[in-house]
Amino acid sequence: MLQLLRKIAFPFSLVYGLVVHLRNFLYDTGVFKSHTYNTPTLCVGNLSVGGTGKTPMIEFLVRMFKGHTIAVLSRGYKRQSKGFLWADANSSVLDLGDEPYQLHQKFPEITVAVDADRRNGITQLENKVKPELILLDDAFQHRRVKPNFSILLTSYGNLYVDDWYLPTGDLRDSKREAKRADCIIVTKCPKNLSQSEKNRIQHKLKPLPHQKVLFATLEYSTILKGEVENLSLPDIKKKKVTLVTGIAQPEPLVQYLQSEGVLFEHYKFGDHHHFSESDIQKFRDHALILTTEKDYVRLQGRVKNLFYVEVAHSFGTEDHLFLEETLKSLI
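Its first residue numbered 1, the sequence shown is counted upward by one per residue in the UniProt record's numbering.
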């Protein structure tokens, strides 16, 4: 039914695409201005709506720059607050949005802030924190800021070159805008991806001479983290497990759990889903509830026996070295 509705909406996607092209044209010709800043800025984003692994990539970069004074600036998607907001001890997931709150909880040593106006957010950070580097989360479309380096993510199972504009497809920006990326990372790749398959993908993406294409896989932890205790994956193989997800693409996690022999019932919700009391009633009393880290921060304290699976991007040796050498030269 959804696919049929998407096809019916094709004329709307043409209008959407026209608006996107016009906006980019106005920036490309200088009618709309892009600003640079004294503080180095590193942008992580995509051309589609969700599902490419932006938050694990931000976490990867936070770990890479450990020991440096860095800040993460996000718009705080679906938060209930407005304007610029610092993450502090009194912040909640409703104030910041799930992804910034997750980063704040996981990396309390760094500065996390939210502001839909990235220019104002950068100015606030420069004036009060003076970080060595600002990570711009999900800011590829925010052309009012011209970052020092841009990382464009695209998932292996849904390359942007194979996609189409919303609402028929998942693209929120033109495929041509990939030209603004300094590095394109194909995420969620199968393990042991062959060189011939990498070559095939590179041929489809047609990177420009200055662009580097890298490949990453998702690595799931075998330790399931909970508020009171942690469990190992073997601990739950004989238990009745309920999987609850509110992310764009839960399929990799589903496949991972199945490959590990975990039997579960799956409650699947939309990306950034706000769990209502009626939603929670469906699984509140279940014996063991497993979820993603992003969903955990929205469910924590509302259900018992709640655990999450950590996920991280993993790169081959050469790709990892390229990222480390290239990005650390920014500061």
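Glycine is no exception: its CB is placed at the ideal position from the N, C-alpha and C atoms.
What would DSSP say about residue i, mapped onto helix, strand or coil?
i, result
"L321", "helix"
"Y101", "helix"
"residue 332", "Limits of the chain in this structure are 1 at one end and 331 at the other, which puts residue 332 out of reach."
"G226", "strand"
"H203", "helix"
"S194", "coil"
"E219", "strand"
"N38", "coil"
"S276", "coil"
"Y165", "strand"
"residue 335", "This structure gives no information on residue 335, because the portion of the chain shown stretches from 1 to 331."
"L253", "helix"
"S13", "helix"
"I289", "strand"
Return the CA-CA distance between residue i and residue j, expressed in angstroms with no decimal places.
i, j, result
"V15", "D117", "25 Å"
"S194", "L214", "13 Å"
"R144", "I184", "21 Å"
"D271", "A181", "25 Å"
"H35", "E197", "38 Å"
"K179", "K146", "13 Å"
"L243", "H286", "10 Å"
"T292", "A9", "31 Å"
"K225", "L231", "7 Å"
"Y256", "G246", "17 Å"
"L306", "E229", "10 Å"
"N90", "E227", "19 Å"
"P250", "N120", "34 Å"
"W86", "Q124", "10 Å"
"R309", "L233", "Correcting the residue identity first, residue 309 is Val in this sequence and not Arg. V309 and L233: Cα-Cα distance of roughly 10 Å."
"W164", "R200", "20 Å"
"Q141", "Y27", "11 Å"
"V186", "F12", "29 Å"
"G53", "L290", "19 Å"
"K268", "F283", "12 Å"
"L208", "L153", "16 Å"
"D162", "A139", "22 Å"
"S48", "D170", "5 Å"
Go through its chain and collect everything with a Cβ distance to residue i's Cβ below 7 Å, but skip five positions before and after it.
i, result
"I58", "V44, V72, L103, L135 and D137"
"D98", "H272, K294, V297 and R298"
"Y37", "I122 and E126"
"I110", "V62, I70, A71 and V72"
"H21", "S174"
Within a Cβ cutoff of 6 Å, which residues of the same chain sit near residue i, ignoring the five residues on either side of it in sequence?
i, result
"E311", "For the record, residue 311 in the displayed sequence is Val; it is not Glu. Once the five neighbours on either side are set aside, the close Cβ partners of V311 are P56, L218 and Y220."
"F74", "Looking at the sequence provided, one finds Ser at residue 74 rather than Phe. Cβ within range, chain order: P100, V114 and D137."
"K76", "Lys is not the amino acid found at residue 76; the sequence shown has Gly there. L96, G97, P100 and V114, listed in sequence order."
Note down, in chain order, each residue of its chain lying with its Cβ closer than 8 Å to the Cβ of residue i, except the 5 sequence neighbours on either side.
i, result
"S314", "A216, T217, L218 and E219"
"K191", "T217"
"I280", "L299, R302 and V303"
Could you name the residues that DSSP lists as bridge partners for residue i?
i, result
"K282", "Answer is none; K282 lacks a bridge partner."
"W86", "A113"
"T245", "K268"
"G45", "L152"
"S232", "I223"
"S74", "V114"
"D137", "V44"
"H313", "L218"
**Report entry** Three or more C-beta pairs below 8 Å linking the stretch 64-81 and the stretch 149-163
**Finding:** Taking a contact to require three or more Cβ pairs closer than 8 Å, the stretch 64-81 and the stretch 149-163 do not qualify as touching.
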